[in-house]
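Quick note on the working numbering: the sequence shown kicks off at 113 and runs consecutively. Backbone N, C-alpha and C fix where the C-beta goes; we use that ideal spot for every residue, glycine too. Because the structure is a prediction, the values reported are computed rather than measured.
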Amino acid sequence: MEPRLIKGGKFTDNIGVLLFNNTFDASLVKRMYNISNHDLNFVRGWQGHHIEKKMVFIHVW
113 MEPRLIKGGK FTDNIGVLLF NNTFDASLVK RMYNISNHDL NFVRGWQGHH IEKKMVFIHV
173 W
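Laid out in structure tokens, this is it:
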């Protein structure tokens, strides 16, 4: 499966930012994780099963 870009949206007001994607079909997704590092220089490696599929969300500000 080739990577594809799914464009979302962003709403900003005086209390924060809401990132959303109302057109994304999540029916095949079993679980989702949001991972962030405390140290920007830390390199995190991928680990998982051979039959596993990865979905990566990248937020561009």
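According to the DSSP assignment, K122 belongs to the beta strand (DSSP E) that extends over G121 to D125. Note: G128 is bridge-paired with D125 in the DSSP secondary-structure output. The Cβ-Cβ distance between L130 and F123 falls below 7 Å.
Distances from the alpha-carbon of N134 to those of G121, P115 and F169 put G121 closest. Measuring C-alpha to C-alpha distances from I118 to each of L152, A138, N126 and D125 identifies A138 as the nearest.
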